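Take 3 as the starting number for the sequence shown in the working numbering and just add one per residue.
Ideal Cβ positions, reconstructed from N, Cα and C, are used throughout, including at glycine.
Please read all numbers here as calculations on a predicted model, not as lab measurements.
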Amino acid sequence: MRLSRLTRSLPGVVNVFGEDVMVHGICADSRRVEPGDVFVAIPGVCADGHSFVGDALGAGAVAVIGELPLEALRAGRARDFSCVRVLDAREAWAWAWAAWKGFPSRDLTLVGVTGTDGKTTTVSLIQAVLRAAGLRSGMISTVKAMLPGEGAEGERWDEVDTGLHTTTPDPPAVQRVLADMVRRGASHAVLEVTSHGLAQHRVAGCAFDVAAVTNVTHEHLDYHGTLEAYRGAKALLFEGLEGSFRKPGVPKISVLNRDDDSYPFLLRHRADRVISYSAEASADVTSENLELGGVTRFTLCTPIGRVRIDSRLVGAYNVPNILAAASVGLGLGLRLEQIAEGVASVQGVPGRMERITEGQSFLAIVDFAHTPNALRQALSAARDMIDEDGRVIAVFGSAGLRDREKRRLMGQVGGELADVVIVTAEDPRTESLEAIMAESAIAAEAEGKQRGEDLLLVPDRGRAILRACELAREGDVVIACGKGHERSMCFGTTEYPWDDREAMQLALRGEMLDTLPTSTRGEAY
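So, in structure tokens, the structure goes:
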């Protein structure tokens with residue numbers, strides 16, 4: 003592809019200098035540049051890509067896209083090269099990859115799901131609804147990517163792992179997967195879109211047709227600064243609907259949660275059609291006659307009729323996720339029977355209220371709940387599962403280098419809703435694990451918990467889960483929250499192998515998963 007063709011697709015181009023060279027690839031990491039690549043110099047938190055232009059040129063880059071003036075980019079260089087100055091290099095990187103892959107999202111009906119909690123579950127539900135309608139579709143979530151099988155008939159889908167701590171993947175991965183979906187004959191795709199992914203332009207160049215939100219609660223304020231800024235990042239998905247590429251016969255649809263504080267804010271953004279859903283108030287899509295238990299049952303009420311919903315997703319908090327998925331299906335013109343069939347087909351989502359069974363006399367659950375709101379929902383659901391004399395034994399922590407206020411809120415929720423609280427590690431990173439745990443413990447104590455009795459601090463997460471299982475008796479629920487499907491935990495700057503589901507399985511056998519640093523090996527206190 004010629005540089006000029008690539009440049010025409012980029013937003014915010016200030017000026018261009020040099021020959022219209024042939025480009026053989028796009029790279030934002032100077033260590034991976036190959037001859038013929040265009041190097042995108044992205045200013046980062048720890049390093050500025052402009053500092054590595056020389057390395058990229060030395061590796062054979064033929065052009066540079068960056069934010070500095072052309073004179074600064076070219077100053078002192080040993081050879082000539084083509085330059086493109088843009089206002090935002092990260093955004094340009096995303097658009098360049100979309101162009102490089104032929105803008106695959108323009109050949110798909112593209113659904114984006116954002117929110118604080120419930121995104122992965124909602125994406126999985128939407129994907130299932132599309133499949134029930136007989137549509138070849140794909141999805142990208144924090145758990146996995148799913149693509150229609152190549153040349154496959156019927157129910158075959160291929161799964162692709164999306165990594166350890168992956169949220170919304172970077173632009174090369176997003177565009178490659180979307181292009182692969184198109185190549186495999188997909189007509190629809192569903193993307194889980196995080197606030198970081200939106201703020202960092204990871205899905206720039208994606209032509210969304212449906213934007214859906216689960217909720218916007220207290221999370222990621224370490225990055226966004228304020229709840230207003232966090233909400234604004236989520237709103238980028240909805241802002242982009244109006245100006246995105248128009249596909250013949252496909253309207254731009256906004257799906258909003260009437261019960262969430264984000265509703266009036268997101269309602270301001272224009273769409274061809276707005277569909278509201280609510281588990282508590284008046285809306286376009288609602289629920290009636292809710293029954294909770296081993297199966298969640300209710301009547302789905304919509305403008306085109308009613309249908310019975312049976313779902314294996316437990317807990318009242320999953321009802322809004324189902325309503326959001328149904329609203330998307332409704333917007334895409336699917337029949338109510340197809341929506342009900344799709345919801346019923348979802349047996350569960352990895353790491354989301356996932357039951358672990360080793361023949362024990364109590365329930366053992368692993369859940370991804372890592373925000374105060376999600377923890378409240380998970381523990382409330384756990385309370386609905388216990389016997390009359392049963393207890394909820396909760397294991398959770400709070401991440402380092404993230405929103406500090408969340409530590410207090412997590413401890414407060416745990417102290418309020420769990421009978422026994424075990425505070426442990428959850429990606430402390432370079433912060434003091436003991437200090438993080440102490441903040442949650444103090445909040446749990448303020449809710450009446452007593453250290454050494456119904457409040458334990460256990461630094462090693464494997465030992466914490468084992469201790470919870472040792473304490474459990476018939477009729478109890480042991481629930482480990484915060485890691486879910488993830489398969490690593492960060493101490494310092496190192497990712498150590500970790501899996502809550504494996505840890506719970508071992509603990510139920512009286513064993514301990516032992517993959518974390520020796521510094522966490524202290525006893526409970």
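Straight-line gap, H226 to A235 (C-alpha atoms, nearest Å): Low local confidence applies: a pLDDT of 47 at H226 is under 50, so the model's placement there is unreliable, and no value is given.
Span separating the alpha-carbon of K254 from that of S143: When rounded, the distance between both Cα atoms is 22 Å.
Whether V42 touches A30 by CB criterion (8 Å): Yes, these two residues count as a Cβ contact at 8 Å.
Nearest-angstrom beta carbon gap, L338 and T304 [assumed within contact, 8 Å]: A Cβ-Cβ separation of about 7 Å places T304 in contact with L338 under the 8 Å criterion.
Those runs of the alpha helix (DSSP H) which lie wholly inside the segment 226-287 and span at least 4 residues: Those alpha helix (DSSP H) runs which fall completely within the segment 226-287 and span 4+ residues are 229-245, 265-269.
H198: first and last residue of the uninterrupted alpha helix (DSSP H) it sits in: For H198, the enclosing alpha helix (DSSP H) begins and ends at 197-201.
Separation of P266 from F398, as counted between CA atoms: Roughly 33 Å between the two C-alpha positions.
Buried versus exposed, by CB contacts within 10 Å (16 or more), T219: Burial check for T219: the Cβ neighbour count within 10 Å reaches 16 or more, so the residue is buried.
Beta-carbon gap between V257 and S329 smaller than 8 Å: In contact: V257 and S329 (Cβ atoms closer than 8 Å).
DSSP three-state assignment for C303, whether helix, strand or coil: In this structure, C303 counts as strand in the three-state DSSP scheme.
Proximal residues to L166 (C-beta, below 8 Å), its chain only, five neighbours per side dropped: Interpretation of L166 is limited by its pLDDT of 43, a score under 50 that renders its predicted location unreliable; no figure is taken from the coordinates.
Straight-line Cα distance separating E418 from L336: Each residue's alpha carbon lies about 42 Å from the other.
Beta-carbon gap between H271 and E241 smaller than 8 Å: Against a cut-off of 8 Å, the Cβ pair of E241 and H271 comes out as a contact.
Cα-Cα separation between R204 and L59, rounded to whole angstroms: Their backbone Cα atoms lie some 25 Å apart in a straight line.
Beta strand (DSSP E) segment containing L458, residue limits: The continuous beta strand (DSSP E) containing L458 extends over residues 457-459.
Any non-hydrogen atom of the ligand GTP closer than 7 Å to P374 Cβ: Here there are no bound small molecules, and the ligand GTP is not part of this structure.
Proximal residues to A181 (C-beta, below 8 Å), its chain only, five neighbours per side dropped: Sequence-distant Cβ neighbours of A181 in its own chain, meaning closer than 8 Å and more than five residues away, are K103, G104, P106.
Bridge partners - L149, DSSP secondary structure assignment: In DSSP, L149 forms a bridge with D160.
Euclidean distance between Cα positions of T118 and E390: Counting only the Cα atoms, E390 lies some 32 Å from T118.
Exposed unless 16 or more other CB atoms sit within 10 angstroms - verdict on I306: Under this definition I306 is an exposed residue.
For E343, the three-state DSSP class (helix, strand or coil): Helix, per DSSP.
Runs of alpha helix (DSSP H) lying entirely within the segment 354-425, each at least 4 residues, in chain order: Those alpha helix (DSSP H) runs which fall completely within the segment 354-425 and span 4+ residues are 374-387, 407-419.
Meets three-Cβ-pair contact criterion under 8 Å: the segment 377-385 and the segment 509-524: No: fewer than three Cβ pairs fall under 8 Å.
Contact set for G156: own chain, Cβ-Cβ below 6 Å, skip 5 residues either direction: With a pLDDT of 49 at G156, under the threshold of 50, the modelled position of that residue is not reliable, and no figure is offered here.
Residue environment, A77, which counts as buried when at least 16 other CB atoms sit within 10 Å: A77 is exposed by the Cβ-count criterion.
First through last residue of the alpha helix (DSSP H) which encompasses R7: Boundaries of the alpha helix (DSSP H) harbouring R7: 5-10, taken from the DSSP string.
Selection from D456, N259, S126 that minimises the alpha carbon distance to V348: If we check each option's Cα against that of V348, S126 comes out closest.
Entirely enclosed beta strand (DSSP E) segments - the segment 425-503, minimum 3 residues: DSSP runs (the beta strand (DSSP E)) wholly in the segment 425-503: 457-459, 479-483, 490-493, 496-499.
Spatial neighbours of L302 in its chain, beta-carbon cut-off 6 Å, leaving aside the 5 residues before and after: Around L302, the same chain offers V309, I311, A328 as residues with beta carbons nearer than 6 Å, after the five sequence neighbours per side are excluded.
Residue burial classification, L508 (beta-carbon count within 10 angstroms, cutoff 16): Around the beta carbon of L508, 16 or more other beta carbons sit within 10 angstroms, so the residue counts as buried.
Which of helix, strand or coil DSSP assigns to L166: Confidence in L166 is poor, its pLDDT being 43 and thus under 50, which makes the residue's placement unreliable; the coordinate value appears in the next sentence. Three-state DSSP puts L166 in coil, outside helix and strand.
Presumed contact (8 Å Cβ cut-off) between R431 and G413, rounded CB distance: That belief does not hold up - the Cβ atoms of R431 and G413 are roughly 19 Å apart, past 8 Å.
Complete runs of the beta strand (DSSP E) confined to the segment 24-105 [at least 3 residues]: DSSP runs (the beta strand (DSSP E)) wholly in the segment 24-105: 27-29, 39-42, 65-68, 84-88.
C-alpha gap between V64 and G38, whole angstroms: Distance between the alpha carbons of V64 and G38: 5 Å.
Three-pair Cβ contact test at 8 Å for the segment 508-518 versus the segment 439-453: Counting Cβ pairs under 8 Å, fewer than three are found: no touch.
Straight-line gap, I2 to A318 (C-alpha atoms, nearest Å): What the structure shows of the chain is the stretch from 3 to 527, and residue 2 is not part of that stretch, so it cannot be assessed.
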